[in-house]
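Protein chains in written order, with this note's numbering: chain D, 1 to 294; chain H, 1 to 425. Note that the Cβ used here is the ideal one computed from N, Cα and C, for glycine as well. None of these values were measured; they are calculated from a predicted model. First up is the structure itself, then whatever we jot down about it.
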């Protein structure tokens, strides 16, 4: 029995592991391999160029621009969806009327693909008849109306705003789940000890939400590192690379310029950055869990 | 019990795979697989009709087509070729892009087909030499081509008191001034996807420095900081500075620019003849009545006349599994005048086959055809004339320029830096 159970375990594990190897591990190794070549994507022939691609990448202004934008995205992702989601969750948890309706409404964007969201926000940002400019003109702020996605200084924030609109709902749901896990005994005890609502929120509820915050922030960071679809749909990284992210840079180098080797090198760099972030998050999470359950 | 479950899962899987297999090898039916980017408004219906006609006249053939969006196509074909699972034939843009794939060894020459089908006899010589031959061999069968010209709203021009179409640069500036005085934006440009701006660069360069210099620049033998290119940007900048362009060009697509002209908020737009397909079909304008076309004005006397446009064609992959059947289809798509006519009408294209009756064309398309015939040179537009990584750099420059033309000298320097990297200068 013991032996056949092991066979079953291995058998079942083999299926996901082989899929994982084919769709994740192998392409990853290929990227490492191609990052050392000058492959153009079309040709069956290519040369090994050693670390040339990596030397070039750190001199490339478009790459540093993409790094900068990705960092901006990451910071925004930590602040906006987390803050907004926490705020909504606290409000709805307080027992607002029709709370379930609001919960569904705020969660609704998660069920849409980012391509659809991007298209909807393109209409919102449309300079002539888009919702945003029309509202601005109606309330007398017409001087702020602009071609949001066509200007280098507003394209990136505009795309991040569209993306955050979806992410806030996700953060809200995770925080709501976290809130239901806060024992009412604790908040009641705090009230008996004379804490007002603000104090009980600050010293009891929010610390208890730490596991939920960790999940939300980790998701935000990881999603910001791979931000591509919404950028591709809304601006393709434009105008003139002002909304390029690392993933967009990678796509442009590989599939627009046909620098497959060079694009692979940028993929490797992105992978290393993600690795550092994930390692950092992992250590932090382990520590956080220890302090909570001690 | 467990073993039986395992076995039944296994047999189901094997059976499921078995169902798929027989479709692939069906006796003596000749099959052709084909990938193309003519989806949606770019002629999908017309192409379906053409394939139906092919099936009707070639009952033993099966054409498996796969339409992909214009932008997604560039990625899709790359993946299929690199994965050694290419379609037999695919649609592609003549010029630097075909050259790129030819140089990568992914395409098969079709000189034998050229001879046997007598393709030289049905094509204008300029198209044969310019679009079909790469490294001395024939690779591409032209399917349709386009001409980029100045499409204008006749009513708007008449309302602004414009009685004669501009032939020189000074006359063109006058026309712009009149339109502006009449309260419409003289020129609409939708450069959100960058490429629509390239026709301005192309024509300004061709009308001043001429086709030979342009060919040098496209091949990396000239520099983006040359006085010839600086002059182009200065001429272009004058138009922007005078407020002749509809504002925020980078916020709009080419169809938006077409809409602006169609509703009379702008006077004209420099665009390819596919605009007529959009205007006639989707918007419902009447060619020759609502709109017309004129060639880009002469700037410097004595420069050879050139027209700009892309040529769409079919190429055969080096690893095509059904090469002979595929060649039969390629020849049909060019030599069958009915298919050529359906295509020209459906997509708003010009038919490369010279035997196509010009009666199929709208008056505007006939004018476009005459302009092309009268020109000394047919030049590919920028992103098809220069190699793809260079084209990316140039297209970026055009979008940047339309956002703020004042920094053109910096943009040219940046573009030249890209050129140095691309051409290894």
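- Residue 35 of chain D is a Cβ neighbour of residue 265 of chain D, given a cutoff of 8 Å.
- The beta carbon of residue 101 of chain H sits closer than 8 Å to some beta carbon of chain D.
- Here residue 378 of chain H carries a strand assignment [DSSP, helix/strand/coil].
- In the displayed model, residue 314 of chain H falls within a strand according to three-state DSSP.
- In this structure, residue 147 of chain H places its C-beta atom within 8 Å of the C-beta atom of residue 372 of chain H.
- The three-state reading of DSSP puts residue 140 of chain H in strand, counting E and B together.
- Around the beta carbon of residue 413 of chain H, fewer than 16 other beta carbons lie within 10 angstroms, which makes this residue exposed.
- Taking a C-beta distance under 8 Å as the contact criterion, residue 320 of chain H and residue 159 of chain H do not qualify as a contact pair.
- In the structure shown, residue 91 of chain H falls within a strand segment according to DSSP collapsed to helix, strand and coil.
- Taking C-beta atoms as the reference points, residue 169 of chain D and residue 211 of chain D fail to come closer than 8 Å.
- Residue 183 of chain D is outside the set of residues whose beta carbon lies under 8 Å from a beta carbon in chain H.
- Taking each of D/79, D/87, D/217, D/130 in turn and checking the Cα distance to residue 205 of chain D, the smallest one comes out for D/87.
- Taken in chain order, the members of the stretch 251-277 of chain D whose beta-carbon sits within less than 9 Å of a beta-carbon on chain H are 251, 252, 253, 254, 255, 256, 257, 258, 259, 260.
- Rounded to whole angstroms, the separation of the alpha carbons of residue 121 of chain H and residue 313 of chain H is 17 Å.
- Residue-level contact by beta carbon fails for residue 27 of chain D and chain H, as no gap is shorter than 8 Å.
- Shown here, residue 13 of chain D sits in a helix according to DSSP, grouped into three states.
- Under a criterion of Cβ atoms nearer than 7 Å, the residues of chain H adjacent to residue 40 of chain D are, in order, 104.
- Taking the C-beta atoms as reference points, residue 191 of chain H is found no nearer than 8 Å to residue 117 of chain H.
- If you ignore the 5 residues before and after residue 33 of chain H, its C-beta comes within less than 6 Å of the C-beta of 64, 87, 88, all in its own chain and listed in chain order.
- Between residue 185 of chain H and residue 266 of chain H, the CB-CB gap stays under 8 Å.
- Chain-ordered, the chain H residues with CB closer than 9 Å to the CB of residue 238 of chain D read 192, 193, 194, 250, 396, 399.
- Going by C-alpha positions, residue 31 of chain D is about 13 Å away from residue 22 of chain D.
- When rounded, the separation of the alpha-carbon atoms in residue 57 of chain H and residue 295 of chain H is 40 Å.
- With respect to residue 387 of chain H, residue 394 of chain H sits apart: the two C-beta atoms are not nearer than 8 Å.
- The way I'd put it, the stretch 345-364 of chain H does touch the stretch 288-303 of chain H; three or more beta-carbon pairs between them come closer than 8 Å.
- Take residue 216 of chain D, set aside five residues on each side of it, and the residues of its chain with a beta-carbon closer than 6 Å to its own are 82, 171, 174, in chain order.
- Under a criterion of Cβ atoms nearer than 8 Å, the residues of chain D adjacent to residue 392 of chain H are, in order, 252, 256, 257.
- Proximity to residue 53 of chain D across D/278, D/270, D/229, D/263 peaks at D/263, based on C-alpha coordinates.
- For residue 67 of chain H, the uninterrupted beta strand (DSSP E) run begins and ends at 61-67, by DSSP.
- DSSP places residue 153 of chain H within a strand segment (E or B) once states are collapsed to three.
- At a cut-off of 8 Å between beta-carbon atoms, residue 412 of chain H makes no contact with chain D.
- Within the DSSP secondary-structure output, residue 292 of chain H pairs in a beta bridge with H/152.
- A distance below 8 Å separates the beta carbons of residue 155 of chain H and residue 264 of chain H.
- Separation of residue 134 of chain D and residue 247 of chain H (C-alpha to C-alpha, rounded to the nearest whole angstrom) is 17 Å.
- Scanning H/51, H/141, H/31 for the CA closest to the CA of residue 91 of chain H turns up H/141.
- In the three-state DSSP reduction, residue 307 of chain H falls in the strand class (E or B).
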